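Take a look at the structure set out below.
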Amino acid sequence: MTFFEKSAVMTSASEQIGRVPACAACKLHKSCHTPKMKVYGKGKSGILIVGRAPSEQDDQLGKPATGEGGKILRDELARNQLSLFDDCWFTHAAICKPKILAKDFGKIINWCRPNLVNTIHDLQPKVVILLGMEAIQSLIPYIWRADGDYSEERWKGWNIPSQKINAWVCPTFNPTFLAETEGRFRNIVEINKKQFREHIKQAVLKSQQDRLNYSHTQNDPDQIVDIVETVPEIIQYFDKVLQECGDSSNKNEFSGRMAFDFETSCLKPDSKNSRILSMSVSNGITTFAFPWSLIVTGTDSDRIRARKAVVRFLRSPYPKIAANLKFEERWVRSKLGIRVRNWKWDTVLAAHWLDYREGITSLKFQSFVQMGYPDFEHKVSKFMDNDDKSGYAPNQLQKNVRLHDLLIYNGMDSYLEFQLAKLQIQQYLKSKT
Ligand code: SF4
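Using our numbering, the first residue of the sequence shown is number 314, and each one after it goes up by one.
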């Protein structure tokens with residue numbers, strides 16, 4: 314492929330999920346009273362609710378949500394003037410009753426996931442409420458990625474504007490779990506119930522808004538990121554972003570801010586083999602990325618001119634944004650011998666400050682839960698990891714990733730850092746009023 318062919322970065326892990334359930338491997342349909350329980354309800358409010366699996370009683374009655382958990386759910390919907398089976402549809406992560414509380418229920422969810430995907434494509438819900446870990450595990454790999462952590466603790470309460478299915482995705486507790494723990498851990502159950510109430514209320518509010526309407530090209534990384542491949546272009550692009558930041562007709566509370574990001578050969582900069590591979594910049598209007606080789610190779614005059622443009626940008630008074638800014642600062646000091654002027658926002662620190670749960674601060678997770686971005690980067694990021702703890706072992710980026718894909722990936726990081734910072738600043742300002 315040539316340098317400018319369309320990148321493979323946008324090819325999402327979710328696109329590898331098929332549309333045919335693996336019933337021959339699963340076989341649960343052979344041992345239950347109501348095999349392959351149909352989606353239940355009229356869905357007048359466009360809300361699809363996903364539970365774990367039919368209970369013994371559900372299976373016998375041929376209908377979901379017949380137990381105590383169903384009652385809690387009905388009560389909370391009624392508080393919002395909704396009826397479970399008039400206003401919502403109900404389905405499960407596994408649509409046949411499991412024989413026992415199967416240890417390998419994760420496998421069953423994977424086998425049955427195509428049923429949920431097909432249901433969403435058929436019904437086109439405005440809101441999908443995920444009740445508990447199994448429902449979360451069923452849908453998240455399709456709309457984002459399979460990263461293995463589907464705990465309610467991590468996912469509960471987000472209202473995710475999923476670009477993949479054009480629906481709000483609202484994970485919360487499994488109410489059956491709330492019913493089962495009633496009376497045992499009173500304080501915790503009370504807190505969980507209050508949170509469940511709030512989660513249902515927020516999901517219902519989302520169903521009253523206009524339907525999400527993302528087009529498949531709207532957030533195409535190839536459209537967002539300009540790839541720069543010559544020294545005159547580098548100078549031109551830095552001039553452009555600095556001019557846009559200083560443009561008084563562009564003034565709003567976010568204007569003047571810029572995010573930048575490096576892709577590097579390893580984590581730490583201070584060894585003779587540590588190298589910057591690429592740099593990207595975004596001010597929300599213009600996003601570009603270029604290979605760092607243009608700064609360190611070529612004629613003396615070209616190198617000096619390109620380096621000057623980078624330094625002018627990093628030392629400009631405009632506020633800078635990064636995800637984990639100490640990483641970028643450390644590489645700038647080591648490779649350019651200067652400090653970044655006017656750091657303004659770190660999206661990782663802000664994510665932690667806004668919500669102190671574990672496993673939620675990464676740019677990729679935040680871009681998904683706050684902006685609904687699908688996984689656009691697994692083809693690149695998997696080559697960043699290695700087992701080395703020193704931070705100096707080289708990653709596999711140079712060996713395995715096409716330069717074009719690396720630059721698009723790098724550019725998207727800056728773009729998402731800028732967009733995420735914008736949201737976080739709004740949330741911060743709102744929290745102060
Ligand atoms: S649970 Fe799903 S995958 Fe398993 S047999 Fe039933 S329909 Fe098929």
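Just so you know, even glycine gets a beta-carbon here, dropped at the ideal spot from N, CA and C. Note that the structure is a prediction, hence the values are computed from the model and not measured.
Three or more Cβ pairs drawn from the segment 331 to 340 and the segment 421 to 429 lie within less than 8 Å of each other, which places the two stretches in contact. The Cβ-Cβ distance between Met684 and Leu729 falls below 9 Å. Distance from the CA of Ser680 to the CA of Leu341, rounded to the nearest whole angstrom, comes to 37 Å. Rounded to whole angstroms, Asp460 and Pro488 show a C-alpha spacing of 24 Å.
Counting of Cβ neighbours within 10 angstroms places Val693 among the buried residues, the total reaching 16 or more.
DSSP links Gly364 through a beta bridge to His405. In the displayed model, Val541 falls within coil according to three-state DSSP, outside both helix and strand. DSSP places Ser475 in no alpha helix (DSSP H) but in the uninterrupted beta strand (DSSP E) bounded by 473 to 475. Look at Met571 here: in three-state DSSP terms it is strand. Of the heavy atoms belonging to the ligand SF4, none sits nearer than 8 Å to the Cβ of Ile433. For Met725, the secondary structure class from DSSP, reduced to helix, strand or coil, is helix. CA-to-CA, the gap between Gln476 and Tyr705 works out to about 37 Å.
Per the DSSP secondary-structure output, Asp659 pairs in a beta bridge with Ala635. Under the three-state reduction of DSSP output, Val482 falls in the strand class. Taking every protein chain shown into account, the CB of Ala635 has 16 or more other CB atoms within 10 angstroms, so this residue is buried. Within the DSSP bridge table, the entry for Ile442 names Ile362, Cys483 as partners. If the five residues before and after Thr485 are omitted, its C-beta is found closer than 6 Å to the C-beta atoms of Lys469, Phe509, His512, all from its own chain and listed in chain order. Between the alpha carbons of Glu557 and Ile598 lies a distance of about 8 Å. In the DSSP annotation of this structure, the continuous segment of the beta strand (DSSP E) that includes Pro604 starts and ends at 600 to 604.
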